[in-house]
Amino acid sequence: MAATNTNSQIYPNSGFCSETNIFHRLRPSITLPPPSQPLSVTQFAFSLLHFNNTNISETPFLINAGNGHRVTFSDFLHKTKSLAFSLQEQYSLSKGDVAFILSHNSLQIPSVYFSLLSLGVIIATANPDGSISELTHQIQITRPTIAFATSQTSHKLPPNLRTVMIDSPEFSSLLNSNISISIENRSSAIGVVISQSDVAAILFSSGTTGRNKGVLLTHRNLIVVIAATNATYPFRDHIQVVSMATRALFGVFGLTSLMRAAIMGETLLFPETFELEATLEAVDKYKATYIPVSPSFIVALVKSDMTNYNLSSLRILLCGGGLRLSALLEAKIVDPVTGEILSTGQRGELWLRGPTVMKGYAGDEKATAEVLDSDGWLKTGDLCYFDFDGSLFILDRLKEMIKCNGYQVVPAELEHLLLSNSDIVDAAVVPYPDEDAGQIPMAFVVGPYKKIQRLAFIDSIPKSVTGKILRRELVNYALFDTTVAEL
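Using my numbering, read the sequence shown as starting at 1009 and increasing by one per residue.
This is the structure in structure tokens:
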């Protein structure tokens, strides 16, 4: 059993245990349901919704900020309950089946997610803008029995995969069946017992270092996330919180934002696009109070002309994570070469253990074994260190380190140095093969710059939908494009 922060060997400032070399939480613990209790994330989320809120049945839960269409909480609960019943009865879906979901944000997707999860069906949520090649790979590793798509995305799916069209009249009828059974009690009523250890969702990695992997998240993983959200929720003054989906619901950011809104009784806005202007228009029109955002959004917001919009309703912009471990995690820093467990202030790979750590990768036992050990430690692949106050500093990805003359060069540190020049809009540093040094740093910059060993001026730095630099694309550019300059 892991040590707690009452152990005499644990330093109170850093959370470091000198006996085990493990960093422990410094935050208060969170009350969780027993892991052995049969419980789906839908049951848990809806129980919190009813516990946290009264008289919200006619309160808007979902609003399309573009056209004003909305779904109240009572409508949402009825549609979710109806859809679960219809899918079980008409499509014979059962626990352990996989549903591949390919759709942009819509007012129907939350009911699709929660209804499937209530039946023990695993949701595999894919990027609707992904290529057919990417989606084919994702379908191969998840082996879905059914898909949910729209008229805009269904052409990317195999013709032999049974597909439900979310924007069809037939789907609307599934949402509006006249049933009376309560979804909170539905699992036991139809004989489905969902263990918290059962897989709930498959979310796909960004694929920055290779093909997308299917990340297996259990009901327990999601239950713990929303329990932690409930325990640390910043609004307790009985205002009606209006939040915004600033990311697509197929990713972990969007999925957890949806679940937070559901358990806390928030009104969740879906802007027409994720562009800054559309977001600010929605804040102004619907008086949004709370927006989870990325660092790039904050930068764009600060640089924008905000005088055209009334943003006085905004109370919180939630960005990034805390410097310290969450209340449910423990960590250690491991030398990636020797395997030695390191101490405070020493750089190494960050390993994490806790109830929010994934179960593994779908259809890839080898990749799972490479990142998860037998004791439940997740090898993150991040180069990090803890300081003496228990703050965690992430330096870079280990796979992206540049090995130059026997030294480990951190690309992010060079990028930070480049970006300190006001003439540079954006920058990325990648390894370039060198006969003498093995590798040398090569910089890609947006805007004028002086000199580095190799340089290329480009229109923009290629990044994933989550803002990660796609270094593989830059390396290919460096190796095969004739405009790269030797300096």
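Just so it is clear, CB atoms sit at the ideal spot from N, CA and C, and this is done for glycine as well.
All values reported here derive from a predicted model rather than from experimental measurement.
Nearest neighbour of residue i, chosen from the options [CA to CA]
i: LYS1476; options: PRO1041, ASP1442, ARG1405, TYR1440; result: ARG1405
i: GLY1414; options: ILE1448, PHE1396, ASP1381; result: ILE1448
i: ASP1313; options: GLU1285, ALA1157, LYS1407; result: GLU1285
i: GLY1356; options: GLY1368, TYR1393, LEU1325; result: TYR1393
i: LEU1125; options: ALA1235, ASN1021, VAL1345, THR1050; result: THR1050
i: SER1094; options: THR1346, ASN1168, VAL1120, MET1450; result: VAL1120
i: LYS950; options: ASP1343, ILE1299, LEU1422; result: In the structure as shown, the chain starts at 1009 and stops at 1495, and residue 950 therefore has no counterpart that could be examined.
i: THR1497; options: TYR1317, LEU1422, GLN1148; result: A question about residue 1497 goes unanswered here, because the residues of the chain that appear run from 1009 up to 1495.
i: ALA1296; options: ARG1268, THR1281, LEU1325, VAL1417; result: LEU1325
i: HIS1246; options: GLU1274, SER1214, GLY1262; result: GLU1274
i: LEU1211; options: ASP1383, ILE1147, GLY1362; result: ILE1147
i: GLN1045; options: LEU1487, THR1281, ASP1206; result: ASP1206
i: ARG1035; options: VAL1437, GLY1347, SER1399; result: SER1399
i: PRO1167; options: SER1180, SER1026, THR1153; result: THR1153
i: THR1150; options: ALA1134, SER1159, THR1158, ALA1157; result: ALA1134
i: ILE1299; options: CYS1327, GLU1280, LYS1311, THR1281; result: CYS1327
i: VAL1379; options: PHE1396, LEU1358, ASP1397; result: LEU1358
DSSP-derived helix/strand/coil call for residue i
i: SER1214; result: coil
i: GLY1446; result: strand
i: TYR1241; result: coil
i: ILE1140; result: helix
i: LYS1087; result: helix
i: LEU1482; result: helix
i: LEU1326; result: strand
i: PHE1396; result: coil
i: LYS1471; result: strand
i: THR1315; result: helix
i: ASN1021; result: coil
i: GLN1416; result: strand
i: ASN970; result: Nothing about residue 970 can be read from this structure; the chain reaches only from 1009 to 1495.
i: ASN1184; result: coil
i: ASP1434; result: strand
i: SER1159; result: coil
i: MET1267; result: helix
i: ASN1072; result: strand
i: ALA1286; result: helix
Same chain, Cβ closer than 6 Å to residue i, five either side skipped, listed in chain order
i: ILE1030; result: GLU1338, LYS1340
i: ALA1155; result: PHE1108, LEU1165, LEU1169, THR1171
i: LYS1103; result: GLY1128, VAL1200
Contact belief for residue i with residue j at Cβ below 8 Å, rounded distance in angstroms
i: ALA1464; j: TYR1485; result: 7 Å
i: TYR1294; j: LEU1277; result: 6 Å
i: ILE1117; j: SER1111; result: 6 Å
i: VAL1249; j: PHE1243; result: 5 Å
Close Cβ partners of residue i (< 7 Å) along its chain, the five nearest in sequence each way excluded
i: ASN1113; result: ALA1253, ALA1256, LEU1257, PHE1278
i: PRO1136; result: LEU1110, SER1111, HIS1112, THR1161
Chain-order list of residues whose beta-carbon lies under 8 Å from that of residue i (same chain, five-residue window excluded)
i: ALA1208; result: SER1048, VAL1049, LEU1125, ILE1130, ILE1131, LEU1225, THR1226, HIS1227, ASN1229, LEU1230
i: HIS1472; result: Note on residue identity: the sequence assigns Ser, not His, to residue 1472. Only SER1214, GLY1215, THR1216, LEU1478 meet the Cβ criterion.
heavy atom of the ligand NAP below 8 Å from residue i C-beta
i: GLU1481; result: Ligands are entirely absent from the displayed structure, and the ligand NAP is therefore not among its contents.
Task: Touch test, the region 1079 to 1087 against the region 1141 to 1151, Cβ-Cβ under 8 Å, three pairs minimum - done: Touching, no, given that fewer than three Cβ pairs across the two stretches are closer than 8 Å.
TODO: Evaluate the contact criterion for the region 1256 to 1271 versus the region 1049 to 1067: three or more CB pairs, one atom per stretch, below 8 Å.
DONE: For the pair of segments examined, the region 1256 to 1271 was found to touch the region 1049 to 1067: the number of CB pairs separated by less than 8 Å reaches three.
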